[in-house]
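> Mind looking over this structure? Questions follow.
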Amino acid sequence: MLIFEFKTYGKAKQFNAIDEAIRVTQFIRNKSIRLWMDGEAKSWVELSRHCAVIAKEFDFANKLNSMARQASAERAWAAISRFYDHCKKQIPGKKGFPQFQKDCRSVEYKTSGWKLAENRKSITFTDKCGIGKLKLKGTRDLHFYQPDQIKRVRLVKRADGYYAQFCISVDRSESVEPSGNVIGLDVGLKEFYTDSDGLMVENPRFLRKSERRLKKAHRRVSKRVKGSNNRGKARQILGKRHLKISRQRKDHAVKLARCVITSNDVVAYEDLSIKNMAKNHCLAKSINDASWYQFRVWMEYFGKVFGKITIAVIPNGTSQECSQCGVVVKKGLSTRTHVCQCGCELDRDHNAARNILSRGMSTVGHTGTFALDASNAWGEDTSTHAGATLLEQVTS
């Protein structure tokens with residue numbers, strides 16, 4: 001499944017209609033959660049049936065396309081099923097009990113309620129919300145795909161405008177010449193990653209570099225009167241600042257992941273629990289700013305596209321163990337050089353990357369990669385850990 005995104009252009013009246021459709025989407029999702037809490041809907045089929053009942057009961061809900069109402073109920077059931085899965089797997093801590101949504105920013109249509117122009121440069125929404133015809137501007141070309149391949153169309157509201165996303169059912173695969181290279185990656189805060197060959201990639205630190213502008217934008221918001229137009233404008237400027245940082249991180253992750261995958265046939269990396277690592281209040285901002293998980297997601301996605309092998313390695317002890325003789329050399333975080341009695345003297349991260357590669361090559365193989373599904377979420381096949389067999393690999 002591919003996701004193509006286009007900037008939409010229209011009149012203020014049309015954008016107000018999109019906002020109204022988004023509010024209806026949020027209402028139906030929250031109504032579905034309430035029905036589940038009250039025991040009136042115990043399955044996705046029952047939630048889908050209640051969408052028609054809600055449309056008859058509320059006139060504003062009837063304006064939204066029927067399949068768009070079902071898509072809203074799907075969002076609710078996705079949260080419910082995720083809660084059930086966490087309970088079955090006995091995940092420690094909070095299980096993610098479904099919550100009512102307060103700030104929905106998108107409305108999703110399935111195969112009806114919209115019509116794409118023949119020149120693929122505009123789209124018309126035909127339901128009763130009154131959105132009408134919107135112009136599309138983007139770098140992707142929809143002429144390569146048939147209209148029946150477009151399974152969903154999503155309208156997304158962001159700080160800098162409204163966007164249309166097209167979910168296209170197609171299997172993406174590309175072929176490149178084998179390079180014969182294998183590599184291990186050790187991510188860090190000082191350097192974004194260090195590979196087993198000793199190459200270090202600089203950590204861009206997009207949030208740190210933009211902190212001054214962010215603080216200034218936050219101060220402007222706090223000084224404005226709540227509910228005023230000036231406060232709304234200040235919030236929009238602040239949103240654009242954060243949106244730029246988010247896009248910088250994604251662009252960096254995509255380009256770097258593609259370069260790593262196309263340059264190597266086998267890539268071993270750390271299977272980090274970033275959520276737990278971010279609980280350290282001293283390093284949380286730097287860890288989130290590095291965006292390691294996004295880099296891993298795109299690296300595994302491109303691994304599937306180009307047919308390369310990606311291996312997730314348990315990182316325990318990779319920094320302490322000597323990559324040459326295997327002796328454990330205890331060292332703190334402040335010690336950046338690995339010195340062993342066998343004569344091995346390497347940078348701490350370089351030594352860890354060599355250990356990661358060694359553990360990765362000891363595994364049987366790996367076929368787990370990430371791929372986009374229709375809800376714009378990442379569906380994941382679990383990565384094969386070092387020492388595990390492919391039969392132990394399951395779909396999350």
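The sequence shown begins at 1 in my numbering and counts up by one.
C-beta: ideal position from N, C-alpha, C; glycine also.
Every value quoted in this text rests on a predicted model; they were computed, and no experiment measured them.
1. Taking a contact to mean a Cβ-Cβ separation below 9 Å, would you say Gly-360 touches Tyr-269 in this structure?
2. So Glu-191 is in the beta strand (DSSP E); what residue range does that whole segment cover?
3. Does His-338 come out as helix, strand or coil in the three-state DSSP assignment?
4. Below 8 Å, can you find three or more Cβ-Cβ pairs linking the region 185 to 192 to the region 280 to 297?
5. Pick out whichever of Gln-341, Asn-181 and Arg-140 has its Cα sitting closest to the Cα of Arg-120.
6. Which ranges does the alpha helix (DSSP H) cover as unbroken runs of at least 4 residues, wholly within the region 192 to 237, from first to last along the chain?
7. Does DSSP put Tyr-269 in a helix, a strand or coil?
8. Can you grab the Cα-Cα spacing for the pair His-338 / His-350, in whole Å?
9. Evaluate Lys-137 with the Cβ neighbour count: other Cβ atoms within 10 Å of its Cβ, from every protein chain shown; 16 or more gives buried, anything less gives exposed.
10. Could you say which of Arg-82, Gly-161 and Glu-174 lies nearest to Lys-94 if we only look at CA atoms?
11. Looking at the unbroken alpha helix (DSSP H) that takes in Ala-398, where does it start and where does it end?
12. Since Ser-72 is in the alpha helix (DSSP H), which residue starts that stretch and which ends it?
13. Should Thr-318 be labelled buried (16 or more other beta-carbon atoms within 10 Å of its own) or exposed?
14. Counting beta carbon pairs with one atom in the region 232 to 249 and one in the region 210 to 220, are three or more of them shorter than 8 Å?
15. For Glu-484, report the span of its beta strand (DSSP E) as first-last.
16. Within a Cβ cutoff of 6 Å, which residues of the same chain sit near Asn-355, ignoring the five residues on either side of it in sequence?
17. Would His-366 be called buried (16 or more neighbouring beta carbons within 10 Å of its own) or exposed?
18. Rounded to a whole number of angstroms, what is the C-alpha to C-alpha distance between Leu-134 and Lys-7?
19. Under the three-state reduction of DSSP, which class applies to Gln-14: helix, strand or coil?
20. Could you compute how far the alpha carbon of Gln-26 sits from the alpha carbon of Trp-114?
21. Should Gly-303 be labelled buried (16 or more other beta-carbon atoms within 10 Å of its own) or exposed?
22. Would you say Gln-146 and Glu-5 are within 9 Å of each other, going by their C-beta atoms?
23. Please report the straight-line C-alpha distance between Gln-149 and Leu-357, rounded to a whole angstrom.
Looking at the atomic coordinates:
1. In the sequence shown, the residue the question calls residue 360 occupies position 360. In the sequence shown, the residue the question calls residue 269 occupies position 269. In this structure, Tyr-269 lies closer than 9 Å to Gly-360 by Cβ.
2. Position 191 of the sequence shown, counting from 1, holds the residue named residue 191. Run containing Glu-191: 191 to 195, per the beta strand (DSSP E) assignment.
3. One-based indexing of the sequence shown puts residue 338 at position 338. The answer is strand: DSSP assigns His-338 an E or B state.
4. yes
5. Counted from its first residue, the sequence shown places residue 120 at position 120. Selected option, being the one with the closest Cα: Arg-140.
6. 206 to 209 and 211 to 223
7. Taking the first residue of the sequence shown as 1, we reach residue 269 at position 269. Note: Tyr-269 maps to strand in three-state DSSP.
8. Locating residue 338 in the sequence shown gives position 338, where the first residue counts as 1. Locating residue 350 in the sequence shown gives position 350, where the first residue counts as 1. The straight-line gap from Cα to Cα measures roughly 9 Å.
9. What you label residue 137 is simply residue 137 of the sequence shown in a count that begins at 1. So Lys-137 ends up on the exposed side.
10. Along the sequence shown, read from residue 1 onward, the residue named residue 94 stands at position 94. Of the candidates Arg-82, Gly-161 and Glu-174, the one whose C-alpha sits nearest the C-alpha of Lys-94 is Arg-82.
11. Because residue 398 is not part of the residues shown, which for the chain are 1 to 396, the question remains open.
12. As a working note, residue 72 is residue 72 in the sequence shown. Where Ser-72 is concerned, the enclosing alpha helix (DSSP H) stretches over 66 to 88.
13. Translated into positions along the sequence shown, residue 318 becomes position 318. Thr-318 should be labelled buried.
14. yes
15. One cannot answer for residue 484 here, as it falls past the ends of the chain, which runs 1 to 396.
16. Taking the sequence shown and counting its residues from 1, the one referred to as residue 355 is at position 355. Closer than 6 Å at the Cβ level, and outside the excluded window around Asn-355, lie Thr-318, Glu-321 and Ser-323.
17. The residue given as residue 366 occupies position 366 in the sequence shown. At His-366 the pLDDT is 44, less than 50, meaning the model places this residue with poor confidence; the figure from the coordinates comes in the next sentence. Buried is the call here.
18. What you label residue 134 is simply residue 134 of the sequence shown in a count that begins at 1. What you label residue 7 is simply residue 7 of the sequence shown in a count that begins at 1. Approximately 10 Å between the Cα atoms of the pair.
19. Start at 1 with the first residue of the sequence shown, and residue 14 comes out as number 14. Residue state, collapsed to three classes: helix.
20. For the purposes of this step, residue 26 is identified with residue 26 of the sequence shown, where counting begins at 1. For the purposes of this step, residue 114 is identified with residue 114 of the sequence shown, where counting begins at 1. Taking the straight line joining both Cα atoms gives about 20 Å.
21. Taking the sequence shown and counting its residues from 1, the one referred to as residue 303 is at position 303. Label assigned to Gly-303: buried.
22. By one-based count along the sequence shown, residue 146 stands at place 146. By one-based count along the sequence shown, residue 5 stands at place 5. The answer is no: Cβ separation not under 9 Å.
23. Residue 149 sits at position 149 when you count from the first residue of the sequence shown. Residue 357 sits at position 357 when you count from the first residue of the sequence shown. The alpha-carbon atoms of Gln-149 and Leu-357 are separated by roughly 40 Å.
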